[in-house]
């Protein structure tokens, strides 16, 4: 369980890093895509 949590946190950090590097006020789709993938990661764990 600990390894799964660490890889999940790592994936989230990677996502937020990608969003931070590609920050664009007009690019709202990035937030939508990131929220979608976050949901994909958290859905199986619950």
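Numbering (the UniProt record's numbering), first residue to last: 1 to 46. Where a beta carbon is used, it is the ideal one built from N, C-alpha and C, also for glycine.
(message) My assumption, with CB atoms under 8 Å, is that residue 62 sits in contact with residue 34. Please give the rounded CB distance.
(response) Because the chain is modelled from 1 through 46, residue 62 falls outside the range shown and cannot be assessed.
(message) For residue 31, which residues in the same chain have their Cβ closer than 8 Å to its Cβ, ignoring the five residues on either side in sequence?
(response) 19
(request) Write down the C-beta distance between residue 37 and residue 15 rounded to the nearest angstrom, noting that I regard them as a contact closer than 8 Å. (result) Right, their Cβ atoms sit about 6 Å apart.
(message) Whole angstroms are fine: how far does the CA of residue 5 sit from the CA of residue 21?
(response) 24 Å
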